[in-house]
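In this note's numbering, the protein residues as written are 547 to 758. Virtual Cβ for every residue (Gly too), placed ideally from N, Cα, C. Remember, it's a predicted structure, so these values are computed and weren't measured experimentally.
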Amino acid sequence: MAEAMGLRERKKLQTAMRIYRTAVGLFAEKGFDNVSVQEIADAAEVSKMTVFNYFGTKEDLVFSPIEEHFGDLARAVRERPSGETAVDAVRRQFLELVENRDPSVGLHSEPFARQVHRVVRETPVLMERAFLAAQKGTRDLAAALAEETGDLTLATIAAAMLSAARNALIEEHHRRAEAGDSLDDIAAAAPRHAERAFALVEHGLADYARRP
């Protein structure tokens, strides 16, 4: 029974991944607004109902597999060991994802991950959803910090700064990859850039951009 359930779950995962990749490929080729769910179902060789069984909306066809990563920062803070600061936790998590070449930080050898990013960037409704999901991730981080510090205002400022630093680093990875830089070069430079970015958060803006 356990083996049969395992096989069923694997088949369900394979079907979901086939639908997901088919949808993203069509969105990248024709544009998100120009592709119907029926067209995706036909190309993936499933029914339209099956698509909606796996993905509740057309937008979910892009976001469902990646949306959990918007909560990465809050998880890093909540799961950090005793004695580790919030900045250290977020920086450590980011560098671990870089080391693993995780698509969530713009590092993956497969072009498909960059294709997903391009589809989101070129589609206003998806950009809006990405913005809202990112904002929720920042609020969740602020809530985690406020639980420990008791100061929601400063926690919100800290969360915004940490989120901004991390997002800027990820966008730099995407920008360099699209410009043709190798992922090895991008990953090699990532720790140095991360140290500088999070040091700016850690030490504040007191001496930043002081005019001579």
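Within 10 Å of its beta-carbon, does residue i have 16 or more other beta-carbons around it, so buried, or fewer, so exposed?
i           : result
residue 556 : exposed
residue 627 : exposed
residue 751 : exposed
residue 778 : Coverage of the chain is limited to positions 547 through 758, which leaves residue 778 absent and any answer about it impossible.
residue 678 : exposed
residue 684 : buried
residue 500 : Outside the shown range of the chain (547 to 758) lies residue 500, about which nothing can therefore be said.
residue 712 : buried
residue 670 : exposed
residue 653 : buried
residue 756 : exposed
residue 635 : buried
residue 553 : exposed
residue 568 : buried
residue 548 : In this prediction, residue 548 scores a pLDDT of 45, lower than 50, which makes its location untrustworthy; the coordinate-derived value is nonetheless stated afterwards. When all chains shown are included, residue 548 counts as exposed.
residue 801 : Because the chain spans 547 through 758 in this model, residue 801 falls outside it and cannot be assessed.
residue 690 : buried
residue 550 : Low local confidence applies: a pLDDT of 49 at residue 550 is under 50, so the model's placement there is unreliable, with the coordinate-based value given in what follows. Classification of residue 550: exposed, given that the 10 Å Cβ count is below 16.
Could you tell me the distance, in whole angstroms, from the CA atom of residue i to the CA atom of residue j?
i           : j           : result
residue 749 : residue 615 : 26 angstroms
residue 701 : residue 747 : 13 angstroms
residue 647 : residue 577 : 27 angstroms
residue 754 : residue 738 : 18 angstroms
residue 589 : residue 573 : 12 angstroms
residue 605 : residue 758 : 49 angstroms
residue 564 : residue 619 : 29 angstroms
residue 633 : residue 621 : 13 angstroms
residue 676 : residue 682 : 10 angstroms
residue 527 : residue 719 : The first residue shown for the chain is 547 and the last is 758, placing residue 527 beyond what the model contains.
residue 745 : residue 558 : 44 angstroms
residue 599 : residue 575 : 24 angstroms
Could you check whether residue j and residue i sit closer than 8 angstroms to each other, using their CB atoms as the reference points?
i           : j           : result
residue 608 : residue 570 : yes
residue 714 : residue 743 : yes
residue 782 : residue 709 : Because the chain spans 547 through 758 in this model, residue 782 falls outside it and cannot be assessed.
residue 640 : residue 651 : yes
residue 733 : residue 666 : no
residue 729 : residue 736 : no
residue 594 : residue 581 : no
residue 716 : residue 662 : no
residue 698 : residue 706 : no
residue 637 : residue 740 : yes
For the stretch 681 to 758, which segments carrying the alpha helix (DSSP H) assignment without a break, of at least 4 residues, lie completely within its bounds, in sequence order? 698 to 724 and 729 to 749
Could I get the ranges of all uninterrupted beta strand (DSSP E) runs contained in the stretch 611 to 646, with 3 residues as the minimum, in chain order?
none
Which residue spans inside the stretch 550 to 598 form an unbroken beta strand (DSSP E) run of at least 3? none
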